[in-house]
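Chains as they are written, first to last, in our numbering: chain H, 76 to 255; chain W, 76 to 255. For glycine and all other residues, C-beta sits at the position ideal for the given N, C-alpha and C. Please read these numbers as outputs of a predicted model, since none were measured by experiment. What follows is a short report on a single structure.
What follows is the structure, given as structure tokens:
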């Protein structure tokens, strides 16, 4: 059974002041991000709290009681008609491999599609330790479109994936999505 | 004689409140940018005024008396070690083709290099009307690295260029750069 099908779990799309610290802790504990990246992740939540939707950053949190289990941050790419970016997707370390990331990303795709988005971009590193990340995106229909050599650091390329959201929705049935 | 060699012209790197409107007018008058893009250009200056260097946006203005002749906006890419982005470079329409854009970009490259940057990225559109823009970058040593199909709009791809700033500086002599 996938984690996001558990009856006590719900999705939340508003951002709370407490989320800044939650995001900081979760991204730091994941072991995937450098301190500067952790700071950026938290900053996007602060930006959203300060500016609201005008920040351009949208969030989805997977939550159970007071616990945030994972989250995604995404938004439209300014200056484009139908292109959106997935900025962050992180799941609590002990909950990996249970389908929570897929559930989050499917809901992001639904939101993007509903908002007239047609292409969702994600970027990740070429380093071996991001192989599970790259497989995760590819398994969900994301195709590698470009590689920018040495982008993050010498030997650490940026891989850009895109998914065209051009077909009718086939993810979780709508009634399983609980937004408060 | 290139525009940036004129004795009365100077470079300015601080950002003034009046620059927000100047940038808005200049980018709108250029004929190259959609209204949403013009808004983003002005927003980066506002962001810089509000947050200072912490905004991550650095500016260089080419100025003569009270007139801004052109400007560039650039900054380090968060989460990378040595990668920088050129966000905007715009020259007043009637001053195009006089070397002002090259002068601005060379100064940006010097600043990036001095700040430990090694790669400068620029992005532009694949549309025919951006051919002069693409030739401008290629003439200054920028190599196309990736194409993201339909990124900006259907039929309007994003072309990503990069220049490796790995060699000693050969641009304008330092004494010709006047910063107040």
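Between the Cα of residue i and the Cα atoms of the options, which residue gives the shortest distance?
{"i": "residue 221 of chain W", "options": "W/235, W/83, W/211 and W/198", "result": "W/235"}
{"i": "residue 111 of chain H", "options": "W/154, W/167, W/87 and W/140", "result": "W/154"}
{"i": "residue 230 of chain W", "options": "W/191, W/202 and W/209", "result": "W/202"}
{"i": "residue 104 of chain H", "options": "H/168, H/207 and H/129", "result": "H/168"}
{"i": "residue 84 of chain H", "options": "H/214, H/160, H/136 and H/219", "result": "H/136"}
{"i": "residue 204 of chain H", "options": "H/186, H/107 and H/87", "result": "H/107"}
{"i": "residue 126 of chain W", "options": "H/100, H/175 and H/122", "result": "H/122"}
{"i": "residue 129 of chain W", "options": "H/237, H/118, H/214 and H/187", "result": "H/118"}
{"i": "residue 99 of chain W", "options": "W/209, W/207 and W/166", "result": "W/166"}
{"i": "residue 157 of chain W", "options": "H/226, H/216, H/86 and H/197", "result": "H/226"}
{"i": "residue 101 of chain W", "options": "W/116, W/134 and W/173", "result": "W/116"}
{"i": "residue 177 of chain W", "options": "W/237, W/96, W/215 and W/138", "result": "W/215"}
{"i": "residue 223 of chain W", "options": "H/197, H/88 and H/208", "result": "H/197"}
{"i": "residue 212 of chain W", "options": "W/237, W/228, W/191 and W/232", "result": "W/237"}
{"i": "residue 114 of chain W", "options": "W/91, W/163, W/134 and W/140", "result": "W/163"}
{"i": "residue 206 of chain W", "options": "W/184, W/181 and W/232", "result": "W/232"}
{"i": "residue 181 of chain W", "options": "W/228, W/148 and W/140", "result": "W/148"}
{"i": "residue 186 of chain H", "options": "H/170, H/139, H/132 and H/210", "result": "H/132"}
{"i": "residue 170 of chain H", "options": "H/183, H/200 and H/139", "result": "H/139"}
{"i": "residue 183 of chain H", "options": "H/124, H/134, H/109 and H/120", "result": "H/134"}
{"i": "residue 109 of chain H", "options": "H/209, H/200 and H/239", "result": "H/200"}
Looking at the strands, I want to know which residues DSSP matches up with residue i.
{"i": "residue 236 of chain W", "result": "W/197 and W/219"}
{"i": "residue 85 of chain W", "result": "W/138"}
{"i": "residue 231 of chain H", "result": "H/228"}
Classify residue i: buried if its beta carbon has 16 or more other beta carbons within 10 angstroms, exposed otherwise.
{"i": "residue 145 of chain H", "result": "buried"}
{"i": "residue 160 of chain W", "result": "buried"}
{"i": "residue 218 of chain W", "result": "exposed"}
{"i": "residue 241 of chain W", "result": "exposed"}
{"i": "residue 142 of chain H", "result": "exposed"}
{"i": "residue 76 of chain W", "result": "Bear in mind that the predicted position of residue 76 of chain W carries a pLDDT of just 41, short of 50, making it unreliable; the figure below should be weighed with that in mind. That one is exposed."}
{"i": "residue 151 of chain W", "result": "buried"}
{"i": "residue 94 of chain W", "result": "buried"}
{"i": "residue 194 of chain H", "result": "buried"}
{"i": "residue 189 of chain W", "result": "exposed"}
{"i": "residue 88 of chain H", "result": "exposed"}
{"i": "residue 96 of chain H", "result": "exposed"}
{"i": "residue 175 of chain W", "result": "buried"}
{"i": "residue 91 of chain W", "result": "exposed"}
{"i": "residue 172 of chain W", "result": "exposed"}
{"i": "residue 192 of chain W", "result": "buried"}
{"i": "residue 86 of chain W", "result": "buried"}
Looking at the secondary structure, which residues open and close the alpha helix (DSSP H) in which residue i lies?
{"i": "residue 205 of chain H", "result": "Counting along the chain, residue 205 of chain H falls outside any alpha helix (DSSP H), and DSSP gives it neither H nor E."}
{"i": "residue 176 of chain H", "result": "175-189"}
Next item on the list: Tell me the start and end of each unbroken beta strand (DSSP E) in the stretch 87-167 of chain W that is at least 3 residues and wholly inside, in chain order.
Entry: List check, beta strand (DSSP E) in window: 133-139, 142-151 and 158-166.
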